[in-house]
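**Student:**
Protein chains in written order, with the working numbering: chain A, 72 to 181; chain B, 11 to 122.
Here it is, written out as structure tokens:
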């Protein structure tokens with residue numbers, strides 16, 4: 072069975088501080104990992120996926136298969152980064168379902 | 011980019027009535043769509059996979075007779091909550107894949 076764990080429900084940082092949102096997963100095969108973001112009163116949207124190895128809005132995430140982690144990082148948080156962040160796992164096919172972590176609310180204080 | 015819409019955005023109904031929620035892929039076709047449920051301050055829980063031309067696949071613990079899913083066309087899936095009860099009040103979200111998963115804006119259901 073696949074499982075995604077986000078240990079922190081809430082992460083509060085000051086503007087300009089580094090941010091790391093943790094995500095650990097369990098899956099027997101080769102998973103595809105994603106980070107989704109949900110801003111206030113908006114729909115869930117893709118932030119980044121591990122196969123793209125890109126940086127979106129200053130965020131990066133590296134898949135560590137040894138530690139089964141996919142932590143989301145940003146060196147300098149901005150107030151507009153305040154949102155709910157969900158780590159998700161798929162078995163690799165875009166048509167496959169996503170398993171979500173519990174989500175982490177990021178609050179960036181001025 | 012791909013857009014997924016849901017209708018209605020919110021609905022209030024009386025206990026015992028049925029409510030239909032529509033999920034549409036506006037600019038792409040989707041043979042598969044997914045229905046999620048989200049309780050306040052909780053994550054999304056997959057309810058079922060909607061398959062065009064065949065029966066939906068339900069997750070464990072989800073009553074298929076209560077949550078009827080029909081994938082009428084390549085751009086439309088509907089979720090009908092039958093004989094709704096207050097405990098069915100929740101936020102229902104659909105998604106459809108187009109390279110990656112695209113999510114609808116969600117439908118908030120309140121059963122009185």
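Ideal Cβ positions, reconstructed from N, Cα and C, are used throughout, including at glycine. Quantities reported herein were computed from a predicted structural model and do not represent experimental measurements.
Quick one: does residue 79 of chain B have its CB under 8 angstroms from some CB of chain A?
**Tutor:** With 8 angstroms as the cut-off, residue 79 of chain B does not count as an interface residue toward chain A.
**Student:** Buried or exposed: residue 106 of chain A, going by 16 or more other Cβ atoms within 10 Å of its Cβ?
**Tutor:** The residue is buried, with at least 16 neighbouring Cβ atoms inside 10 Å.
**Student:** Between residue 110 of chain A and chain B, is any beta-carbon pair separated by less than 8 angstroms?
**Tutor:** It does not; no Cβ of chain B falls within 8 angstroms.
**Student:** Does residue 56 of chain A pass the burial test, meaning 16 or more other C-beta atoms within 10 Å, or should it be called exposed?
**Tutor:** The shown model of chain A, from 72 to 181, leaves out residue 56 of chain A, and the question about it has no answer.
**Student:** At a Cβ threshold of 8 angstroms, is residue 38 of chain B touching chain A?
**Tutor:** Cβ-Cβ to chain A under 8 angstroms: no for residue 38 of chain B.
**Student:** Measure the alpha-carbon distance for residue 39 of chain B versus residue 105 of chain B and round it to whole angstroms.
**Tutor:** One C-alpha to the other measures close to 12 angstroms.
**Student:** Considering only residues of the same chain and omitting the five flanking positions on each side of residue 113 of chain B, which have a CB-CB separation below 7 angstroms?
**Tutor:** 14, 103, 105, listed in sequence order.
**Student:** Using CA atoms only, rank isn't needed, just tell me which of B/42, B/57, B/49, B/50 is closest to residue 170 of chain A.
**Tutor:** Residue B/57 is the option with its Cα nearest to residue 170 of chain A.
**Student:** CB residue 108 of chain A to CB residue 72 of chain A, shorter than 8 angstroms?
**Tutor:** Result no, Cβ atoms of residue 108 of chain A and residue 72 of chain A do not sit closer than 8 angstroms.
**Student:** Helix, strand or coil: how does DSSP classify residue 91 of chain A here?
**Tutor:** Reduced to three states, the DSSP call for residue 91 of chain A is strand.
**Student:** Would residue 22 of chain B pass as an interface residue toward chain E - the criterion being a Cβ-Cβ separation below 8 angstroms?
**Tutor:** The chain inventory of the structure shown lacks chain E, comprising the protein chains A and B.
**Student:** Is the shortest distance between the beta-carbon of residue 70 of chain B and the beta-carbons of chain A less than 8 angstroms?
**Tutor:** Chain A, which has no Cβ nearer than 8 angstroms to the Cβ of residue 70 of chain B, makes this no.
**Student:** Figure out for me which residue from A/128, A/156, A/81, A/176 has the closest Cα to the Cα of residue 147 of chain A.
**Tutor:** Looking at the Cα atoms, A/128 is the closest of the given residues.
**Student:** What's the C-alpha gap between residue 77 of chain A and residue 162 of chain A?
**Tutor:** Near 18 angstroms, if we compare the C-alpha coordinates of residue 162 of chain A and residue 77 of chain A.
**Student:** Buried or exposed, going by whether 16 or more other CB atoms sit within 10 Å of the CB of residue 81 of chain B?
**Tutor:** Buried, by the Cβ-count rule.
**Student:** Kindly identify the DSSP beta-bridge partner or partners of residue 78 of chain B.
**Tutor:** Per DSSP, B/90.
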